[in-house]
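Each residue of the sequence shown is one higher than the one before, counting from 876 in my numbering.
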Amino acid sequence: MSALICGSLAYDTIMVFPDQFKNHILPDKVHILNVSFLVPRMRREFGGCAGNIAYNLHLLGGKPIPMGTVGQDFGPYREHFESLGIDLSRVKVIEELFTPQAFITTDHDNNQITAFHPGAMMRSYENHVKDVPGVSLGLVGPDGREGMIQNAVEFREMGVPFIFDPGQAMPLFNGPELREFIEQADYVVVNDYESNLLQERTGWNEKEIVSRVQAYITTQGPKGALVHTPGKTYDIPPAHERRVVDPTGCGDAFRAGLIYGIQGGYDWLTIGRMGNLMGALKVEHPGTQNQRFDYAEFNDQFKQQFGYTL
């Protein structure tokens, strides 16, 4: 059972400024801001929502097919995924553009200055869901605006159930457009902040959203997750990490557990726990694709955390 994961594949360039931004920015001069930060530490990570979800689903033994548009500099990412055996047949290279990338500078107070270049992502509409056979579940994640709209329509036309995961792309859409996504989707997944924003923009409360989907899932960080279904709300307990290193990408790891659980036909309590455990295992490692384990190790961790095996 393949899962078609539509969204971005991106590079994250992370730099650490060994001081505080506030020591180098004059509050009364921000209208003529011109600053430069020396960043001796830098690392480059593979990222993007589709890439991260595909990586995590692969760890579980799933069959992810990431779908996105990338640029002329995609080579290292391609080698990374090809070495894992992840299907890249639906990743389109647009040679005149760059792969999406974020440049993140963090200071000693964990303040961040981020610049994001969407690059080839803005032409995600050049890929088509309808061209991909044998898909049992889809995900429409943050991507180019036109591509997200097109992907949702084509999943619905093909009769393929899909998860709507608006994430950081939510500001791209107005209320009627977000309502249309929800009407087409089978599942909606957001974090608690995004849940409030989604309700505000659509004018629909939680109950009204739930009535239109099979499940409305809200992640709550260290507090676990809530799975709202038309008949019942499940309060999913958190999984406990052994150490906290980097929360970046935990939401994408959760979504991989969600996909695997839905495709496997598990109950909602188990699906939510799988998602929470995937997030906990991710937070123990820096970056978004540096954790290493297989399904057997995941199952052992699951039993230790929740008292039963999958």
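Each residue gets a CB set at the ideal place from its N, CA and C atoms; glycine is no exception.
- If you look at Lys938, you'll find it in the beta strand (DSSP E) that goes Lys938 to Gly946.
- With a threshold of 16 other beta carbon atoms within 10 Å, Leu908 falls short and is exposed.
- Gly1019 is positioned such that its CB atom lies no closer than 8 Å to that of Met1045.
- When Ala977, Phe978 and Gly950 are compared, the shortest CA-CA separation from Val966 is found for Gly950.
- By the neighbour-count criterion, in which a residue is buried when 16 or more other Cβ atoms sit within 10 angstroms of its Cβ, Asn898 is exposed.
- Around Gly960, the same chain offers no residue with a beta carbon nearer than 7 Å, after the five sequence neighbours per side are excluded.
- Using a Cβ distance threshold of 8 Å, Phe1039 and Val1004 do not count as a contacting pair.
- Thr1077: member of the alpha helix (DSSP H) spanning Asp1067 to Thr1077, first to last residue.
- With a cutoff of 8 Å on beta-carbon distance, Asp887 and Ala977 are scored as near each other.
- For Gly1013, the secondary structure class from DSSP, reduced to helix, strand or coil, is strand.
- Judged by DSSP secondary structure, Asp1175 falls within the alpha helix (DSSP H) whose first and last residues are Tyr1170 to Phe1181.
- It is roughly 10 Å from the alpha-carbon of Leu1014 to the alpha-carbon of Pro1041.
- Around the C-beta of Thr1145, 16 or more other C-beta atoms lie within 10 Å, and the residue is accordingly described as buried.
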